[in-house]
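As structure tokens, the structure follows; a few thoughts come after it.
Numbering (UniProt numbering), first residue to last: 1 to 297.
Structural data, given as structure tokens:
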């Protein structure tokens, strides 16, 4: 059966292995806690939140034809995502992400997205073979894109006619991959979602507030940028001006995936017709719900 998505989520789809402890941790800490394995990856985290808001997302990624991959595909389908267009490799294993979190936030993380990087542009085949679009009739609609793709593929997407009619919503997978988003800095159809550190890396300077960072991204050529700063503030900057709000004050119980939740809730709100002010407010509330351990919606 053919499914028609409301949005495409392109990037990492993997297993998150997260160790959490309720105490402050430092280098070398060995403490009791809980270890969980959940469907994750930036593109998948975004898609999961979109689905909770009633948006029908399709995933474009690489997942192995191994038991872990079959289980992951089944989990995605049960969560309301379209998996028909995922590239399934016989040779590449399903990717994984491992993180350790304490009461003082993220301690360390390792992202093993080598299969996604090896699959490269094969994950985009549905956008050029007529399934989701082609060069004569490119895909029209929103696309959530994450920085786990290779620098070469991100540059190709930024200049590809296959994306010329898309509303691109772009986020780095981590501060270490923020500079991969450079091809989208002056892109006329791209909206950037970054945190304060990532904004600084893209602009090659230090910012004190989300509003300063958002303004700095516009100065560097960004069409629109949303910048978060943990529990301090979040700003939406465009030629229409800079809008800044303060997140709800909540007890933080988890942090991995918070930025993806913010981005997805913001996109879902704008798809539903919300104003800039309301969309930012709803995104901050969704992220607050998430980090406090509740449902993002």
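Glycine residues also receive a C-beta, built at the ideal position from the N, C-alpha and C atoms.
What you are looking at is a predicted structure, and each value in this text was computed from that prediction instead of being measured.
Start and end residues, alpha helix (DSSP H) containing residue i
i           : result
residue 168 : Segment 166 to 171 is the beta strand (DSSP E) holding residue 168; no alpha helix (DSSP H) there.
residue 60  : Careful: residue 60 lies outside any alpha helix (DSSP H), inside the beta strand (DSSP E) at 57 to 60.
residue 372 : Any question about residue 372 goes unanswered here, given that the chain covers just 1 to 297.
residue 287 : 276 to 291
residue 212 : 210 to 219
residue 245 : Segment 241 to 245 is the beta strand (DSSP E) holding residue 245; no alpha helix (DSSP H) there.
residue 152 : 151 to 159
residue 66  : Segment: none, residue 66 is in no alpha helix (DSSP H) and carries neither H nor E.
residue 19  : From DSSP, residue 19 is part of no alpha helix (DSSP H) but of the beta strand (DSSP E) over 14 to 20.
Residue i vs residue j beta-carbon contact at 8 Å
i           : j           : result
residue 169 : residue 199 : no
residue 83  : residue 59  : yes
residue 7   : residue 55  : yes
residue 12  : residue 146 : yes
residue 178 : residue 149 : no
residue 203 : residue 221 : no
residue 256 : residue 72  : no
residue 46  : residue 263 : yes
residue 20  : residue 34  : yes
residue 116 : residue 158 : no
residue 119 : residue 92  : yes
residue 163 : residue 126 : no
residue 226 : residue 213 : no
residue 211 : residue 244 : yes
Start and end residues, beta strand (DSSP E) containing residue i
i           : result
residue 139 : Taken as a continuous stretch (DSSP letters only), residue 139 belongs to no beta strand (DSSP E), as it is neither H nor E.
residue 83  : Here residue 83 belongs to no beta strand (DSSP E), and DSSP marks it neither H nor E.
residue 98  : 96 to 102
residue 195 : 190 to 195
residue 228 : 224 to 228
residue 28  : Taken as a continuous stretch (DSSP letters only), residue 28 belongs to no beta strand (DSSP E), as it is neither H nor E.
residue 50  : Taken as a continuous stretch (DSSP letters only), residue 50 belongs to no beta strand (DSSP E), being part of the alpha helix (DSSP H) at 42 to 52.
Spatial neighbours of residue i in its chain, beta-carbon cut-off 6 Å, leaving aside the 5 residues before and after
i           : result
residue 135 : 161
residue 247 : 231, 284 and 288
residue 192 : 170, 222 and 225
residue 25  : 102 and 107
residue 218 : 237
residue 98  : 17 and 110
residue 186 : 221
Top-ranked residue by Cα proximity to residue i, from the options
i           : options               : result
residue 89  : 75, 70 and 30         : 70
residue 96  : 205, 185, 18 and 218  : 18
residue 156 : 224, 194, 181 and 133 : 181
residue 80  : 44, 113 and 61        : 44
residue 27  : 98, 49, 104 and 76    : 104
residue 298 : 78, 241 and 15        : Because the chain here runs from 1 to 297, residue 298 falls outside it and cannot be looked at.
residue 268 : 30, 37, 29 and 48     : 48
residue 77  : 39, 209 and 101       : 39
residue 290 : 278, 259 and 218      : 259
residue 229 : 114, 185, 183 and 175 : 175
residue 270 : 142, 101 and 23       : 142
residue 36  : 114, 124 and 100      : 100
Interface flag, residue i vs chain D, CB-CB below 8 Å
i          : result
residue 26 : Any reference to chain D falls outside this structure, which holds one protein chain only.
Contact test: residue i Cβ vs the ligand NAD heavy atom, cutoff 7 Å
i           : result
residue 268 : Absent from the structure shown: the ligand NAD. Ligands present: none.
Cβ neighbours of residue i in the same chain (closer than 7 Å, five flanking residues each side left out)
i           : result
residue 189 : 166, 167 and 168
residue 5   : 56, 57, 58 and 82
residue 2   : With a pLDDT of 49 at residue 2, under the threshold of 50, the modelled position of that residue is not reliable, and no figure is offered here.
residue 274 : 282
residue 65  : 88, 89 and 90
residue 207 : 196, 199, 200, 213 and 216
residue 133 : 127, 139 and 162
residue 23  : 31, 102 and 103
Proximal residues to residue i (C-beta, below 8 Å), its chain only, five neighbours per side dropped
i           : result
residue 292 : 250, 251, 252 and 253
residue 121 : 153 and 156
residue 240 : 276
Checklist entry - For the 8 Å Cβ check, are there 3 or more pairs between the stretch 160 to 177 and the stretch 234 to 243? => result Contact between the stretch 160 to 177 and the stretch 234 to 243 is absent: fewer than three C-beta pairs spanning the two stretches fall below 8 Å.
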